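Written out below as structure tokens is the structure these notes cover.
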Amino acid sequence: MGRIVGLTGDEATAEAMRQINPDVVAAYPITPQTETVQRFSEFVAEGIVATEMVRVESEHSAMSACVGAAAAGARAMTATSANGLALMWEICYIAASYRLPVIMAVVNRALSGPINIHCDHSDSMGTRDAGWIQIYSENCQEAYDNLIQAVRIAEEEKVRLPVMVTFDGFIISHAMERVEILEDDEVSQFIGKYKNAYSLLDVDSPVTYGPLDLYDYYFEHKRQQIEAIEISPEVIQKIGREFKDLSGRYYDLMGSCHLEGAELVIVAAGSTAGTVESVVDELREKGEKVGLLKIRIFRPFPAKQIAEALRGVRAVAVLDRSVSFGAQGGPIFLEIRSALFDEIKPPAVVNYIYGLGGRDIGVDEIERVYKNLERIAHTKKVDELVGYLGLRE
Amino acid sequence: MSKITEIRWHGRGGQGAKTASLLLAESALEEGKYIQGFPEYGPERMGAPMQSFTRISEVPISLHSHVRTPDAVVVLDSTLLGTVDVTFGLGEKGVILVNSPETPQTIRRKLGLNKGKVFTVDATSISIEILGKNLPNTPMLGALIKVTSLLSLDTVASSIKHKFGKKFSSRIIEGNIEAIKKAYEEVKEE
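These protein sequence lines are chains A and B, in that order.
Note that our numbering has the first sequence beginning at 142, numbered continuously upward.
Note that our numbering has the second sequence beginning at 12, numbered continuously upward.
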């Protein structure tokens, strides 16, 4: 059994990194990720971990160093936020296309401009097509648990893809919560030793990373990359079950949901899913048939499981903490609505954009969404496909 | 949700509202509770009004919004009373504790408050007397646990030793504990 401690999201992430003890960490500080890397660099300075810490001059270099290290056969990790992730963009695609199991904590923060250091999901949502597996965490415990599972998911032979674990900037990164930490040896046994079968440094079986790949094979290689991410759900589920045996905490493709008998459902990712859960508990005590579907794995998107889970539901509100300018709604909404297209009797679906730049969302706004859902279920009409929560208009 | 006790701290940057909100959370964790302690981050500058929050519960806490309907409000700096709506969302049975040498009745009049319970303690004087400087956060924590019976004095003292043990000298730690005890004893009710 582990220990119970009070940790912020950043501290819990640093603690997971200490226990993972990666071969290489290359990182550049950016609010609100800074405390993760700061704390981890203390572990390096104190000799608590055996990690080679690469202090780079930018996030572009941080991801490049992780790519180099991972190709050489090292277990490589980093962490970033917002503009830091944006600067990594180019290399994020390269990590995925080289099939390198780089692990990255993304502390969700709004992208500039105007300059804003607070939470929204624009940063990770922007990289949703980069080929990384994306895991969203609600709280400090999930950030810790997901990061440990991410190592196994990324390194599984048939997957071999980079994984990003996200959690909400400030709301989680700087909030102290009760966290159950596993024993160090439990974590090291769970993740095992990393053996890259295609190491650049293995001179007996030489390999090439990153050659020119024009119209002769590029397409086939992309097809393999698609195959790898499509096969990952079964691996994510297998590792979720193993993690339950170890910790008692179970993780599936979707986060913990409250869907039993639910007619009006809110879909949310990150810390807001927790706030929705507390409203669901309250309204259910009053006998209302409300529910929650919490997004955990966003890439690959578990469309089939979500469509099944929402069967029989009358109206669904999807909450998005990011914007896809000019699109037909937020990124989660587009996925959900598309996943429901083949349903014989799909529920009415509505989208709410909320919390951009850290705007607080509370019980009142969520109760209002359930009220709107009630009306939509009753009239079977969605007047406004995309609405805005907590916005002054 | 009523199972969760929610506390909102009002202070100015540098007065230790964040530290106090986290310290309270950590102390409650030692008593086996579920906790949250988090500040509202703005542009952090010395002297600017800021808020911090603590939640304590017997059951897991899934709520992640700011504290909007506090069971208790702690005001570390009485000059905030005219500028910040410190009683916002405070319930009929809510508690408001203000760092002030004045009586709770005077503060109630200043706030124009017709609900809840008002308490005052002169945390600034206690802090200057014992610690030699104005750090009202720990004495206010002492007064808070007295008026809310949230936690025992011993738990908070042991938590301070644990949290500050590495960072500060034993003289500072003992000083803080003494300040907490003094505020615990001196807090005034209506």
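We put the beta carbon where it would ideally sit given N, CA and C, even for glycine.
Computed from a predicted structure; not experimentally measured.
Counting the other Cβ atoms within 10 Å of the Cβ of H262(A) gives 16 or more, which makes it buried. Between the alpha carbons of T98(B) and R509(A) lies a distance of about 24 Å. Close to chain B, meaning a Cβ-Cβ distance shorter than 7 Å, are the following residues of the segment 290 to 317 of chain A: F311, I312, H315, A316 and M317. Exclusion of the five residues before and after E476(A) leaves F442 as the residues of its chain whose Cβ lies within less than 6 Å of its Cβ.
Around the beta-carbon of G333(A), fewer than 16 other beta-carbon atoms lie within 10 Å, marking it exposed.
Looking at P71(B), P150(B) and W20(B), the one whose alpha-carbon comes closest to that of F49(B) is W20(B). Within the model, the alpha-carbon separation for V490(A) versus Y277(A) is close to 22 Å. In this structure N110(B) is buried. Its beta-carbon is surrounded by 16 or more other beta-carbon atoms within 10 angstroms. In this structure, the beta-carbon distance from V195(A) to P242(A) does not fall below 9 Å. At least 9 Å separates the beta-carbon of M229(A) from that of A211(A).
The contact set of A59(B) on chain A, defined by CB atoms closer than 7 Å, is empty, because the minimum CB distance reaches about 15 Å. Note on geometry: alpha-carbon atoms of R533(A) and L101(B) lie some 24 Å from one another.
Straight-line measurement puts the Cα of V376(A) at about 48 Å from the Cα of I156(B). Close partners of L74(B) in chain A (Cβ separation under 7 Å): G415, T416 and S419. Going by DSSP, A217(A) is part of no alpha helix (DSSP H) but of the beta strand (DSSP E) stretching over A217 to T221. One Cα belongs to R79(B), the other to D309(A), and the distance between them is close to 20 Å. Legend: CB atoms of the segment 491 to 504 of chain A lying less than 9 Å from CB atoms of chain B belong to residues G499, D501, I502, G503 and V504. By alpha-carbon distance to A190(B), the top candidate from G43(B), K14(B) and L146(B) is L146(B).
With its beta carbon less than 9 Å from one in chain B, N280(A) belongs to the interface. In this structure, L530(A) places its C-beta atom within 9 Å of the C-beta atom of G496(A). Against chain B, a Cβ distance below 8 Å from S253(A) picks out nothing, because the smallest value is about 15 Å. Counted as a single uninterrupted DSSP element, the beta strand (DSSP E) harbouring H21(B) occupies residues I15 to R23.
When 8 Å is used as the limit between beta carbons, G351(A) is near no residue of chain B, the shortest such separation being about 40 Å.
The alpha-carbon separation between K144(B) and S68(B) amounts to approximately 33 Å. When the beta-carbon positions are compared, A246(A) and A284(A) come within less than 9 Å of each other. In this structure the segment 180 to 197 of chain A touches the segment 164 to 172 of chain A; the number of beta carbon pairs closer than 8 Å is three or more. In terms of beta-carbon proximity, K44(B) lines the interface with chain A, with at least one pair separated by less than 9 Å. Around the beta-carbon of L355(A), fewer than 16 other beta-carbon atoms lie within 10 Å, marking it exposed. Beta-bridge analysis with DSSP links R269(A) to no other residue. Here the segment 457 to 476 of chain A makes no contact with the segment 286 to 301 of chain A; the two share fewer than three CB pairs at distances below 8 Å. With a beta-carbon spacing of about 7 Å, I184(B) and G176(B) fall inside the 8 Å limit used to define contacts. The C-beta of F64(B) has 16 or more other C-beta atoms within 10 Å across all chains shown, which makes the residue buried.
In the structure shown, K385(A) adopts helical secondary structure according to DSSP, grouped into three states. Here E197(B) is near A154(B), since their CB atoms are less than 9 Å apart. Cα atoms of V84(B) and V106(B): separation of roughly 6 Å, rounded to the nearest angstrom. By the rule that beta-carbons nearer than 9 Å mark a contact, T154(A) does not touch chain B.
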